[in-house]
Every structure is written in structure tokens, then in C-alpha cells.
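Asker:
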Amino acid sequence: RGGRRLYRTGDLVKWLPDGRLDFLGRVDNQVKVRGYRIELGEIEAVLGEHAAVRKAVVVADGRNDAGNGVHRLVAYVVPEGSASLSGAETGPDGSLENLRQFLRQKLPGHMVPSAFVSLDELPLTPNGKVDRQALPAPAVVDQGAATVTYVSPETELEKSIASVWQASLGVDRIGLNDNFFDLGGHSLMMVQVHSKLSQLIERDFPIVDMFHYPTVSALARHLSQQESDADAAGEAADRAQALERGKSRMQMLYKRRSQRR
Numbered sequence: 003r004g005g006r007r008l009y010r011t012g013d014l015v016k017w018l019p020d021g022r023l024d025f026l027g028r029v030d031n032q033v034k035v036r037g038y039r040i041e042l043g044e045i046e047a048v049l050g051e052h053a054a055v056r057k058a059v060v061v062a063d064g065r066n067d068a069g070n071g072v073h074r075l076v077a078y079v080v081p082e083g084s085a086s087l088s089g090a091e092t093g094p095d096g097s098l099e100n101l102r103q104f105l106r107q108k109l110p111g112h113m114v115p116s117a118f119v120s121l122d123e124l125p126l127t128p129n130g131k132v133d134r135q136a137l138p139a140p141a142v143v144d145q146g147a148a149t150v151t152y153v154s155p156e157t158e159l160e161k162s163i164a165s166v167w168q169a170s171l172g173v174d175r176i177g178l179n180d181n182f183f184d185l186g187g188h189s190l191m192m193v194q195v196h197s198k199l200s201q202l203i204e205r206d207f208p209i210v211d212m213f214h215y216p217t218v219s220a221l222a223r224h225l226s227q228q229e230s231d232a233d234a235a236g237e238a239a240d241r242a243q244a245l246e247r248g249k250s251r252m253q254m255l256y257k258r259r260s261q262r263r
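Here this note's numbering is used: the first residue of the sequence shown is 3, the next is one more, and so on.
(1) Buried or exposed for His214, please, with buried defined as at least 16 other CB atoms from any protein chain shown within 10 angstroms of its CB.
(2) Examine the Cβ distances between the segment 206 to 220 and the segment 190 to 198 and report whether three or more of them are shorter than 8 Å.
(3) For Gln201, which residues in the same chain have their Cβ closer than 8 Å to its Cβ, ignoring the five residues on either side in sequence?
(4) Rank Gly186, Gln253, Val60 by C-alpha distance to the C-alpha of Leu124 and give the top, closest one.
(5) Indicate whether the contact test is met: 3 or more Cβ pairs, each with one atom in the segment 121 to 135 and one in the segment 153 to 169, closer than 8 Å.
(6) Alpha carbon to alpha carbon, how far is Ser250 from Ser260?
(7) Would you check if the segment 220 to 230 and the segment 157 to 175 touch, i.e. whether three or more CB-CB distances between them fall below 8 Å?
(8) With a threshold of 6 Å on Cβ separation, who are the neighbours of Phe182 within its own chain once the five nearest residues in sequence on each side are excluded?
(9) When DSSP labels each residue in this structure, what does Leu75 get in the three-state scheme?
(10) Within a Cβ cutoff of 8 Å, which residues of the same chain sit near Val115, ignoring the five residues on either side of it in sequence?
(11) Could you tell me which residues DSSP pairs with Ala62 in its beta bridges?
(12) How many angstroms separate the CA atom of Lys57 from the CA atom of Gly50?
(13) Please report the distance separating the alpha-carbon of Lys257 from that of Gln243.
(14) Taking C-alpha atoms, which residue in Gln253, Arg175, Glu246, Ser197 lies nearest to Val218?
(15) Please classify Asp13: does DSSP put it in a helix, a strand, or coil?
(16) Quick one: is Ala53 buried, meaning 16 or more other Cβ sit within 10 Å of its Cβ, or exposed?
(17) If you scan the segment 92 to 123 from start to end, which runs of the alpha helix (DSSP H) of 4 or more residues do you find wholly inside it?
(18) When burial is assigned at 16 or more other CB atoms within 10 Å of the CB, is Pro110 buried or exposed?
(19) State buried or exposed for Ser189, treating a residue as buried only when at least 16 other CB atoms are found within 10 Å of its CB.
(20) Just the C-alpha distance for Asp67 and Asp184, rounded to the nearest angstrom, thanks.
(21) Is Val114 near the ligand FAD - that is, is its Cβ less than 7 Å away from at least one heavy atom of it?
(22) I believe Val33 touches Ile40 by the beta-carbon criterion, under 8 Å. Please report the beta-carbon distance rounded to the nearest angstrom.
(23) Helix, strand or coil: which one does DSSP assign to Lys198?
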């Protein structure tokens, strides 16, 4: 508009006839995820420092987020030479989990991708640039490239936790050893999950427990132990009350006998 100050924000928008702005994206690779402004190129540069990575691209993806409008970071990597980046690889330099740990040592937590996908090659546009729109959805690849061995939930509590996580995270299958935060969970989602899980299992527990016990197995064990401790405490209280009632009755009988003498 003539005479008005404009600011170069990096946002790509279209001015609509009614005066509103239609947000189309960014002119750079900066995105906003979980309230943080993130430069994707910084993550890609750090990934490129890893000996097993030849190429890497990071995107903010919302296709596997259960329709809640929150995006997660996904890293697509092409291994160097004969290096293996399969989730089952256990070598010190070749697993996707190793890449996650590598990034955690060099970047703040909110810049570590929630999902990693290994590709033979990155899709390119006719101009030779990375075609980000052609990258496969993480949900399609994650099943075969899981960074942990899948172990099926067995107890009712484990199944309840897994089902709530699946619905909130938009993941088809969650095992005992899957980490809530590694799958894309964050503090805002954790509040929702805590509320749903508390209703499902019909008991409340401190939300901070989800930070301390981020896997299905760990959280289930902790909640089961809490329930056992509560039952034991209740039984101890019942015994104490019974002893107190017995003591009061003995005192009353002793008092009556003393009065008869």
C-alpha cells in the first residue's frame, strides 16, 4: 500500500481482494514448529557432518499428525557409500537412532527431528533442486525403519497407553519401547494425552510422570507400581484402624471392669 511501511518477514502471501492475506509458505526454509522458529538448513548442515550421511533434507511435515494442526520435523537422509541407515542396524555409525543421538549432542531438543527416513536418493525437480513435495510421507516408511524393535503391548494398561498415543500421534502401531517424544510428542500434546489417558484408566497421575517415563513400558510399570503402593498403603491403613478399634474396645472393657470393683 502506498505510503505504508512494510516488513520483510520471509512469509510468502497473497493479498486477497477483501484485504486479507493468504499465507502460502516461506521464501526461505524457516518454519515454526511447537512455537519455535527453526531454520531447516541448520539441521541439514549438522546432519551432513555425520560420517554416514551423504545428503540430507529436513521438512516440517503435518501429514502424520492426527489432524491436530501441529507439524513435526522429519529428516530424509541418503547414506554415504555402503553405509547402512536402517533402523535395525546396531553399528556405532550406521543407525537412524545414532543420527538422533548425534543431533542431540549438537542441537537444542526442539531442533531434533521426530522421524528419520533413509532413502536411496532424494527426489529432484527438473531444475535439479530437491523436490520436497515428492518426499514420501513418514508414516509409509517409518513402519519398516523403526529405530526400536517393536514389542506388542500385553497388559490392559499397556494397551490403553498405546491406544491413546496412537490416536494422538497419528501412528498406526506403537510398541512397548517406543518413546513418546521421539514419535513427535511435545508438551502441548502431552497435556491432551494425559487427560485422555486419565479418563480411560479412571485414575489421575502427575503429568510430569510422562516426562520421567516416556515409553509405554516405563509408564505402565510406574503406574502399576503406584497402584500397588496405594493398595498396600490402604491395607496398612485398614490394619491400623482395626488395631486402633481393638485398642479402644480393650480400654473400654478395662474401664468397665474397674468401675465394677
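Ideal placement from N, C-alpha and C gives every residue a C-beta, glycine not left out.
Answerer: On the basis of the supplied data:
(1) exposed
(2) The segment 206 to 220, when compared against the segment 190 to 198, does touch it at the 8 Å Cβ threshold.
(3) none
(4) Val60
(5) no
(6) 15 Å
(7) yes
(8) Pro216
(9) The DSSP-derived three-state label of Leu75 is strand.
(10) For the sequence presented, residue 115 should be read as Pro rather than Val. So the list reads Ile45, Val60, Arg74, Leu75, Val76, Ala77, Arg102, Leu105, once near-sequence residues are dropped.
(11) Leu75
(12) 6 Å
(13) 21 Å
(14) Closest by alpha carbon: Arg175.
(15) When secondary structure is reduced to three states using DSSP, Asp13 falls in the strand class.
(16) Per the 10 Å Cβ criterion, exposed.
(17) Whole alpha helix (DSSP H) segments, 4+ residues: 98 to 108.
(18) Exposed, since its Cβ has fewer than 16 Cβ neighbours within 10 Å.
(19) exposed
(20) No answer about Asp67 holds up, because its pLDDT of 48 lies below 50 and its placement is not dependable.
(21) This structure simply doesn't include the ligand FAD, nor any ligand for that matter.
(22) 6 Å
(23) helix
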